[in-house]
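Novice:
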Amino acid sequence: MAEQPLLQIEGLRTHFRTDDGVVRAVDGVSYSVGRGECVGVVGESGSGKSVTQITLMGLIPMPPGFIAGGTIMFDGQDLLKLKPRELRKIRGNRISMIWQDPMTSLNPFLKISRQLIEPLMVHKGLDKASAKLKAIEMLEKVGIPGAADRVDQYPHQFSGGMRQRVMIAIALSCEPDILIADEPTTALDVTIQAQILSLIKALQKRRNIAVIFISHDLAVVAGLADRVAVMKEGRIVETGPVNDIFQKPRSDYTRTLLASIPSGSKSHPPQPSDQPLLQIDRLTTCFADNSGGWLSRQKADKKAVNEVSLTIQRGEILGLVGESGSGKSTLGRSILQLVPVTRGSVIFDGTDLVGLRQKRMTPLRRRMQMIFQDPYASLNPRMTVFDCLAEPLLYHGLATRKTVTAQVLALMDDVGLARTAIRKYPHEFSGGQRQRIAIGRAIATKPELIIADEPVSALDVTIQAQILALILALVEKHNLTMLFISHDLSVVRYIADRIAVMHRGELVEMAETESLFVNPQHVYSRKLLSAIPTPTTAQT
Amino acid sequence: MSDGNARSFWARTWSRLKKDRRAVIGAAVVGTVSLCALLAPALSPYSEGFQDAAALLQGPSWTHLLGTDQLGRDLLSRTLYGARVSMAVALVTSAIAVLLGTALGAFSGWVGGRVDNLLMRGVDVVYSFPDLLLIILISVVVGQGPLGIILSLSLVSWVTVARVVRGEVLSIKRRPFVEAARALGFPPTRVLLRHVLPHTVAPIVVTLTFRIPSVILAESTLSFIGLGLQPPASSWGVLASSGWSAMAFHPHLILSPAVAIFMTILAFNLLGDGLRDAMEVQ
């Protein structure tokens, strides 16, 4: 390269002092970004990919953080040596950033016009009127219809995808040289994600901006980046052009990452059974809409689940997909009677669960269980593994005080937890191990039906692959029937025998997994499928 | 986290508290005052009511380390016995307030809806009722003595606890592990007692450590203005009240109860701050 790269990071080390000693979040990272280039930084949670970028923005909280070494050369000057005042001139002006969660990164108290105008006035010295014109222009460029009217609205009046567009407009308004995007689509639905990605791509090409795109999702990076850096435990394990990374990865870790992406369907064909375990008929669940406040007379009910009918056969894994707000989680909870059902029936093995008294419901609860999305939140932090697994066994009379320890140990073997961990608390485990505890708790009572609500979406991709394999093995071993809820179509394709698609509270399509992927019938299913990012675009 | 041993909530709290020097000092003072109160009869050089007619209104000396009062009573002994009364009133009052407040707050937050609304408006009424008026009313009905003080201070204290506990229960009951417990088929009472209430312990303990000094202060104030305990009972408030009249010529009379009150309250507050940090209560 004849020309000096725009950004050159050398041996950067960002450490944090904690109760348990110094954590080396970034430990010797070097990479460079050229003008107009898109560099993807991938890695699992805790790999230091975000901390690296936050360091270069000068936003590391100190203490507890400190920079133990390295240089960040940006356009001829070392960002780490700049005074706060000089750094402020660069931050938000020549280097700007979009964050993961568009719901929380906009100030809810300010109109978006204020938030768009502010950087223009601070960095470019524009007056208010011309800044506003520029703001409207930016909103138009990021594809917000009716920008002139919407510019004076508040963040809550925009949807998640629209808010992320607003964030991008703010980040690009000062025409930066570098845009750092930290998981900008992770919190968004897959169809919205596709729109935002193509927007970033188009803006990057048109304005010749360098983009540092951080993501845990290899498929997303594959479609966007020119070069990719793979991070693990605070270091870069591999960098290279995107095609090299995906086609001939050099490091073992990259190979593991690539192999963990769920692809295709599971190997064994579904064994059709004609005994229905669960029959749902015209199930409707409404939530009272109190947005008018308790003084207002009008009370509208929001139909989260609207007249859904479906049947799950014994031994089947039914995938349930849909975007956030489509009612898929509420359907799962309605089946288990964890939320009050408005209408319809849920017949589990011949008994209608709707309106059943607690006394008759309790023995049935033993036979149907749930696995939750977030293993950090679904385990009681004050209970050890033993407490957590023993409680359902003892309560439902499946174990006695004498046998319970042996049974808990057997459960731990089943879900792949080390027996020595029996007296540990949830916070001492990683996310994947926690999800193993949660799965152990769900299968403890020997249920027939398990409702798994996004059980792998909070996990890193390598862990996700392990947990999916565990779930499949347990389904086979214990002959479980499962409703597997997910927003991730590749995961569902990998695990489910049949797939049901939900959209705005209604069931729009239900088909055998492969026939849905090959030949989706409903308009919405087609839209959903076409939005899936695939690493294969780079692979083949 | 990395030591590999199981570390419970309490173990973690303890290891953090140990490192907080101010909290340790606070705890030591609280412990000392409690010990003095417990062992007052053994520690006091003289009995509570003993009057040394030969030594009236004397300053500190080797026979009377903190001096004597108008009736020749030993001030060190009276302050030690005063610790007994003041601490007992504070502890009993706080215990009642916590029990009542936790029970009502937890019930209110757990049931929610209309019941919650009704109970909390009741709490609002008690909260907005002037404390002093309530205390005077109760002392008229029950009479002036430890019982009246405990009853009236409990009545004004429990509402704070109820509000704290209700708020905690409201937020904890929405957390996924509570839903997980319901999905496992546990009945509501079990879920509340085993999965929700343990998480309110930290804020309750912190509230308690801030409640106790305010009760000590309230008891002293009431006794000082003559609404609380009456002489010859020797709470710190009573001592301060009787010392106040002779303050200009015999400052030692008011100094010992005042210092005792000040040190105890400060110690509880230091301990409370430390506990709040150690337990990570917001």
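In order, the protein sequences belong to chains B and L. Note that my numbering has the first sequence beginning at 9, numbered continuously upward. Note that my numbering has the second sequence beginning at 2, numbered continuously upward. We put the CB at the ideal spot given by N, CA and C, even for glycine.
1. Return the chain-ordered list of same chain residues with a C-beta closer than 7 Å to the C-beta of A446 of chain B, the five sequence neighbours on each side being excluded.
2. Which chain L residues are close to L344 of chain B, counting only those with a beta carbon under 9 Å from its beta carbon?
3. Return the CA-CA distance between G300 of chain B and V165 of chain L, expressed in angstroms with no decimal places.
4. Assess, as a yes-or-no matter, whether the region 400 to 407 of chain B is touched by the region 476 to 493 of chain B under the definition of 3 or more beta carbon pairs within less than 8 Å.
5. Can you tell me where the beta strand (DSSP E) holding H549 of chain B begins and where it ends?
6. Count the other C-beta atoms from every protein chain shown that fall within 10 angstroms of the C-beta of L553 of chain B, then say buried if there are 16 or more, exposed otherwise.
7. How many angstroms separate the CA atom of H224 of chain B from the CA atom of R512 of chain B?
8. In chain B, what lies closer than 9 Å to H200 of chain L by C-beta?
9. Applying the criterion that 16 or more other CB atoms from any shown protein chain within 10 Å of the CB defines a buried residue, is K174 of chain L buried or exposed?
10. Would you mind telling me which residues of chain B sit closer than 8 Å to R176 of chain L, beta carbon to beta carbon, in chain order?
11. Here's the rule I'm using: 16 or more other beta-carbon atoms within 10 Å means buried, otherwise exposed. How should E169 of chain L be labelled?
12. For S9 of chain L, which residues in chain B fall below 9 Å Cβ to Cβ?
13. Have a look at V30 of chain L and D274 of chain L and give me their C-alpha separation to the nearest angstrom.
14. Using the rule of at least 16 other Cβ atoms within 10 Å of the residue's Cβ for burial, across every protein chain shown, is N98 of chain B buried or exposed?
15. With H, G and I counted as helix, E and B as strand and the rest as coil, what does DSSP make of Q165 of chain B?
16. Hey, A460 of chain B and I507 of chain B are a contact pair by Cβ (cut 8 Å); roughly how many whole angstroms apart?
17. Helix or strand or just coil, what does DSSP make of I97 of chain L?
18. Look at the alpha carbon of Q441 of chain B and the alpha carbon of M146 of chain B, and state the distance between them as a whole number of angstroms.
19. Note the first and the last residue of the continuous beta strand (DSSP E) segment covering E246 of chain B.
20. In its own chain, which residues sit with a C-beta less than 8 Å from the C-beta of G30 of chain B, not counting the 5 before and 5 after it?
21. Chain L partners of D382 of chain B, CB-CB under 8 Å?
22. So K594 of chain B and Y162 of chain B are supposed to be a Cβ contact under 8 Å. How far apart are they, rounded?
23. List in chain order: all unbroken beta strand (DSSP E) runs of 3+ residues lying wholly within the region 306 to 359 of chain B.
24. Shorter than 7 Å from the beta carbon of T489 of chain B to some beta carbon of chain L?
25. Provide the residue span of the beta strand (DSSP E) that contains I186 of chain B, from first to last.
26. Residues of chain B with a CB under 8 Å from the CB of P188 of chain L: which are they?
27. Are the C-beta of P400 of chain B and some C-beta of chain L separated by less than 7 Å?
28. Tell me the residue span of the beta strand (DSSP E) that contains A76 of chain B.
29. With contact counted as at least three CB pairs below 8 Å, one residue from each stretch, are the region 407 to 415 of chain B and the region 352 to 369 of chain B in contact?
30. Could you work out which residues of chain L lie near Q404 of chain B, taking near to mean beta carbons separated by less than 7 Å?
31. Looking at the unbroken alpha helix (DSSP H) that takes in A33 of chain B, where does it start and where does it end?
32. Please decide whether R442 of chain B counts as near chain L, where near means a Cβ-Cβ distance under 7 Å.
33. Alpha carbon to alpha carbon, how far is D160 of chain B from D109 of chain B? Give it in angstroms, no decimals.
34. Determine the burial state of H164 of chain B: buried for a count of at least 16 other Cβ atoms within 10 Å of its Cβ, exposed for fewer.
35. Pick out whichever of B:T413, B:L134, B:I176 has its Cα sitting closest to the Cα of S104 of chain B.
Specialist: Reading off the structure:
1. Your numbering for residue 446 of chain B matches position 438 in the first sequence. So the list reads I379, F380, P383, S386, L387, once near-sequence residues are dropped.
2. Counted from its first residue, the first sequence places residue 344 of chain B at position 336. Correct list: R183, A184.
3. Stepping through the first sequence from its first residue, residue 300 of chain B is reached at position 292. Stepping through the second sequence from its first residue, residue 165 of chain L is reached at position 164. Only weak support is given to the placement of G300 of chain B: the predicted model assigns it a pLDDT of 47, under 50, and the question is left unresolved by the model.
4. no
5. Residue 549 of chain B is absent from the structure shown; chain B starts at 9 and stops at 548.
6. Absent from the model: residue 553 of chain B. The displayed extent of chain B is 9 to 548, so no value can be given.
7. For the purposes of this step, residue 224 of chain B is taken as residue 216 along the first sequence, with counting starting at 1. For the purposes of this step, residue 512 of chain B is taken as residue 504 along the first sequence, with counting starting at 1. Computed Cα separation, rounded: 28 Å.
8. Taking the first residue of the second sequence as position 1, residue 200 of chain L is located at position 199. In chain order: N388, P389, R390.
9. Here residue 174 of chain L refers to the residue found at position 173 of the second sequence. When all chains shown are included, K174 of chain L counts as buried.
10. Along the second sequence, read from residue 1 onward, the residue named residue 176 of chain L stands at position 175. What R176 of chain L touches in chain B: A385.
11. Sequence index remark: in the second sequence, residue 169 of chain L carries index 168 (1-based). Result: buried.
12. Taking the second sequence and counting its residues from 1, the one referred to as residue 9 of chain L is at position 8. Result: R390, T392, Y433.
13. For this step, residue 30 of chain L is matched to residue 29 along the second sequence. For this step, residue 274 of chain L is matched to residue 273 along the second sequence. Whole-angstrom Cα-Cα distance: 15 Å.
14. Indexing the first sequence from 1 puts residue 98 of chain B at position 90. It should be pointed out that residue 98 of chain B corresponds to Ile in this sequence rather than to Asn. I98 of chain B comes out buried.
15. Position 157 of the first sequence, counted from the first residue, corresponds to residue 165 of chain B. In the structure shown, Q165 of chain B sits in a helix (DSSP, three-state: H, G or I).
16. Here residue 460 of chain B refers to the residue found at position 452 when the first sequence is read from its first residue. Here residue 507 of chain B refers to the residue found at position 499 when the first sequence is read from its first residue. About 14 Å; that fails the 8 Å criterion.
17. Taking the second sequence and counting its residues from 1, one reaches residue 97 of chain L at position 96. In the structure shown, I97 of chain L sits in a helix (DSSP, three-state: H, G or I).
18. Taking the first sequence and counting its residues from 1, the one referred to as residue 441 of chain B is at position 433. Taking the first sequence and counting its residues from 1, the one referred to as residue 146 of chain B is at position 138. Their backbone Cα atoms lie some 45 Å apart in a straight line.
19. By 1-based counting over the first sequence, the position of residue 246 of chain B is 238. Counting along the chain, the beta strand (DSSP E) containing E246 of chain B begins and ends at 243 to 249.
20. Taking the first sequence and counting its residues from 1, one reaches residue 30 of chain B at position 22. Going by the sequence as given, residue 30 of chain B is Val instead of Gly. Same-chain partners within the cutoff: H23, F24.
21. Within the first sequence, the letter at position 374 stands for residue 382 of chain B. By Cβ distance, chain L contributes P177.
22. In this structure chain B extends from 9 to 548, so residue 594 of chain B is not present and cannot be described.
23. 308 to 321, 325 to 329, 351 to 356
24. Within the first sequence, the letter at position 481 stands for residue 489 of chain B. So, not an interface residue.
25. Numbered from its first residue, the first sequence carries residue 186 of chain B at position 178. From DSSP, the beta strand (DSSP E) with I186 of chain B extends over 186 to 190.
26. Position 187 of the second sequence, counting from 1, holds the residue named residue 188 of chain L. Going along chain B in sequence order, the residues near P188 of chain L (Cβ under 8 Å) are Q366, T370.
27. Locating residue 400 of chain B in the first sequence gives position 392, where the first residue counts as 1. So, interface residue.
28. In the first sequence, the residue the question calls residue 76 of chain B occupies position 68. Where A76 of chain B is concerned, the enclosing beta strand (DSSP E) stretches over 73 to 82.
29. no
30. By one-based count along the first sequence, residue 404 of chain B stands at place 396. Per the sequence presented here, residue 404 of chain B reads as His, with Gln not at that position. Simply G186.
31. Taking the first residue of the first sequence as position 1, residue 33 of chain B is located at position 25. Unbroken run through A33 of chain B is the beta strand (DSSP E), 29 to 41; no alpha helix (DSSP H).
32. Position 434 of the first sequence, counted from the start, is the residue given in the question as residue 442 of chain B. Not one chain L Cβ lies under 7 Å of R442 of chain B.
33. One-based indexing of the first sequence puts residue 109 of chain B at position 101. One-based indexing of the first sequence puts residue 160 of chain B at position 152. In a straight line, the C-alpha of D109 of chain B is about 21 Å away from that of D160 of chain B.
34. For the purposes of this step, residue 164 of chain B is taken as the residue at position 156 of the first sequence. Classification of H164 of chain B: exposed, given that the 10 Å Cβ count is below 16.
35. Taking the first sequence and counting its residues from 1, the one referred to as residue 104 of chain B is at position 96. When only C-alpha atoms are compared, the closest one is B:I176.
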